[in-house]
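What follows is one structure encoded as structure tokens, with my remarks underneath.
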Amino acid sequence: MRAMWKGSVSFGLVSIPIQLYAATENKNVSLRQVHEADGGRIQYKRFCTIDGQEVPYAEIAKGYELPDGEMVVITDAEMAELPLSTQRTIDVLEFVPLESIDPIQYDRTYYLEPQKNAVKPYIVLRDALHKSSQVAIAKVAVRQRESMAVLRVHADVLVMTTMLWPDEVREPDFPFLRDDPPQIRPQELSMAGSLIDSLAEPVFEPEKYKDHYREALEQMIEAKVAGDETTKPAAVTAKADVVDLMAALQASVDAAKKSRQSSSDSAGSESGEDAKPAAKKKPAPRKRAPKSA
């Protein structure tokens, strides 16, 4: 990983120099816009809508459009003069329970690595934070934008998650919220609870889930590179409108139990003493990376 930001965590009178790393990465398959007829790349040019001339990147500034269409031009030099005390500091403001923060406010997550001369205060803050069972609320500026942030411990590392400001979270204003709620029968609520119970797990294991769309896209690209025919996936049958809620809930519970039982039986047969040894799999063909467009 490459550090994307250097600064310090300000914790009372303690300053801990750190380096910031993006904790997540986008695994989407990168596709370019091309001319369908010959595969040529589509290019976009920056040009001025007033004089029609192409504008070099060095001459591009930022602009704020007024309601009447007039533009307020702001240069990079003017942006740099704005007061931003958190530009190189993660300023810890308070400590709160993690469950008091609604996840809807979370934005992006970063790892914090201590610089060589700051390992001890880093570990002190990390261990004290972990022991307190709380998280730190801070302010930080990344890429010329100040945000609130949460500092917590994950896998023995301090992790910072930037948050949206309260006025950036939209209020859910939907008509059905203003209407009289429909009558819910106790049996329907009980059956919905049974469905939740039948699908409940003690912990979340993200490794169980895969991005099947990305896998299918990669396989399609590999097939095109190899010159093979591609297969069109079977269309998903649209679900019919729910007429009887109780019947739908009961069917969902039954299906969930059947799926659980099937998985349990499969796991038991594989681990049992009388289970037959699994057939030796043929080595998977070596994947060929698609050529860059």
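The opening position of the sequence shown corresponds to residue 882 in my numbering, with each subsequent residue numbered one higher. All C-beta atoms, glycine included, are put in the ideal place defined by N, C-alpha and C.
For the candidate residues the options, whose alpha-carbon lies nearest to that of residue i?
i	options	result
S1079	V890, A1132, V1031	A1132
Q996	A1129, G888, M1127, V1134	G888
Y1003	A1128, K1138, A1129, S896	S896
W886	M1041, K1091, L1098	M1041
A1036	S1075, Y992, V1021	Y992
W1046	A939, T956, R922, M1029	M1029
S1013	V1021, L979, D988	L979
M882	F892, N909, D1054, Q900	Q900
Q914	E906, K908, Y925	Y925
F1044	R1059, F1057, R1026, D1060	The residue you asked about is not Phe; residue 1044 is Met in the sequence shown. When only C-alpha atoms are compared, the closest one is R1026.
A1022	K1138, T905, L1126, V973	V973
M1072	L1126, A1104, A1097	L1126
S1144	E975, E940, K1089	K1089
R1095	S911, T905, L963, A1017	S911
R927	G920, D919, E940	E940
Run through the DSSP bridge pairs and tell me what residue i is partnered with.
i	result
A884	For A884, which the question treats as bridged, DSSP gives no partner whatsoever.
E975	I1018
I955	K943
M1044	Y987, M1029
L870	Residue 870 cannot be examined here, being either before or after the span of the chain that is shown, 882 to 1174.
R922	V915
Whole angstroms are fine: how far does the CA of residue j sit from the CA of residue i?
i	j	result
M952	A942	11 Å
K1172	L947	Here the model assigns K1172 a pLDDT of 44, short of 50, so the residue's position is not dependable and the matter cannot be decided.
H916	T990	37 Å
D1008	T956	44 Å
Q1100	P1067	48 Å
S1140	V1134	10 Å
L1032	T930	45 Å
G950	T970	37 Å
K1001	L1010	14 Å
S891	D988	21 Å
A1019	E1052	24 Å
A1159	V1038	Reliability of the predicted coordinates at A1159 is poor, the pLDDT of 43 falling under 50, and the value obtained from them is presented with this limitation in mind. Computed Cα separation, rounded: 40 Å.
P898	E994	9 Å
A1136	D1054	35 Å
H1093	F1057	34 Å
E1049	L1076	34 Å
A1128	E1069	9 Å
L983	I1102	One point to set straight first is that residue 983 is Asp, not Leu, in the sequence displayed. Whole-angstrom Cα-Cα distance: 40 Å.
L1130	A1081	15 Å
V977	V1005	18 Å
D1060	Q934	55 Å
Y938	K1105	37 Å
If you run the structure through DSSP and keep just helix, strand and coil, what is residue i?
i	result
R1141	helix
L894	coil
S889	strand
Q914	coil
A1104	helix
A1195	Because the chain here runs from 882 to 1174, residue 1195 falls outside it and cannot be looked at.
I899	strand
E962	coil
P995	strand
D988	strand
R1024	coil
V936	coil
R1007	helix
Quick one: is the Cβ of residue i within less than 7 Å of any heavy atom of the ligand SAM?
i	result
D988	What this structure holds is no ligand at all, so the ligand SAM is not there to describe.
Length at least 4, wholly inside the region 1050–1094: the alpha helix (DSSP H) runs in chain order
1056–1059, 1067–1080
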